[in-house]
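Worksheet: the structure to be examined is printed underneath.
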Amino acid sequence: MQLGEYIEEYDERNSDNKIKAVKSVSVTKEFKETNAKVNKDELSGYKIVPPNHLSYVQTTKNEKCFANALNTTNETYVVTQVNRVIRSKDETILNIGFLHLIFRGEAFDKYAIFNSWGSARETFDWNELCRTKIPLPPLEVQQAIVNLYHCAEEAKNIAAEAREKMKTLCPALV
2 MQLGEYIEEY DERNSDNKIK AVKSVSVTKE FKETNAKVNK DELSGYKIVP
52 PNHLSYVQTT KNEKCFANAL NTTNETYVVT QVNRVIRSKD ETILNIGFLH
102 LIFRGEAFDK YAIFNSWGSA RETFDWNELC RTKIPLPPLE VQQAIVNLYH
152 CAEEAKNIAA EAREKMKTLC PALV
């Protein structure tokens, strides 16, 4: 199925300048605190990223990947106006978390880079994204895949914490 049938762009601006949580989209495919010098008194042109919305960077040349992040918090963020913000048209058909997992993959990075256009500034634009074909299993399967991913991530975090504790408790074993 073509992705454009199931996603839509969300282009709401922080016109009242009330949202001060400025984020950047990282190549690690998550939201990070921005390193840019930002005047938090003038964020009216920034795009709003509500919970369960995904933001992505259109340029692929410098990032060498399809940099994107899903807002999994209850907080609303703002991102620079050059980013795109998207959402699922119907969460009963396309789980945005499932889509984010597809976007996180190395195969999708390669696809986005290959389908980017431009010489000085290669971009994977909105139209290319909409033409992208992805598998669309039933919603229950999408949610199960998302749950498995989160479970695996939690297990990795627990293992990393255990390793750190072992270093201090039993340095000879590590």
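Just so you know, we're using our numbering here: the sequence shown kicks off at 2 and counts up by one. Here a beta-carbon is modelled for each residue, glycine too, at the ideal position from N, C-alpha and C. Keep in mind it's a predicted model, so treat the numbers as computed, not measured.
For residue 32, the enclosing beta strand (DSSP E) has its first and last residue at 32-34. Counting C-beta pairs with one atom in each stretch, the segment 131-138 and the segment 60-76 have fewer than three that are closer than 8 Å, which means they do not touch. Per DSSP, residue 55 is one residue of the beta strand (DSSP E) stretching across 55-57.
Taken through DSSP and simplified to helix, strand or coil, residue 135 comes out as coil.
When DSSP states are grouped into helix, strand and coil, residue 79 belongs to the strand group. Considering only 105, 148 and 10, the residue with the shortest C-alpha distance to residue 84 is 10. Only residues of its own chain outside the window of five on either side were considered, and among them 28 and 110 have a CB closer than 6 Å to the CB of residue 66, listed in chain order.
If you compare the alpha carbons of 172, 107, 94 and 128 with that of residue 140, the shortest gap goes to 94. Around the beta carbon of residue 121, fewer than 16 other beta carbons sit within 10 angstroms, so the residue counts as exposed.
A residue is called buried when at least 16 other Cβ atoms come within 10 angstroms of its Cβ; residue 151 does not meet this threshold and is exposed. By the Cβ neighbour-count rule, residue 148 is exposed, with fewer than 16 other Cβ atoms within 10 Å of its own. Of all alpha-carbon atoms in 166, 55 and 79, the one lying nearest the alpha-carbon of residue 45 is that of 79. Here residue 21 is exposed, its C-beta having fewer than 16 other C-beta atoms within 10 Å. In the three-state reduction of the DSSP assignment, residue 86 falls in the strand class.
Collapsing the DSSP output to three states places residue 128 in a helix. Closest in alpha carbon position to residue 4, among 90, 12 and 32, is 90. Within the same chain, and ignoring the five residues on either side of residue 98 in sequence, the residues whose Cβ sits closer than 7 Å to its Cβ are 71 and 147. Take the alpha-carbon of residue 113 and the one of residue 82: they are about 20 Å apart.
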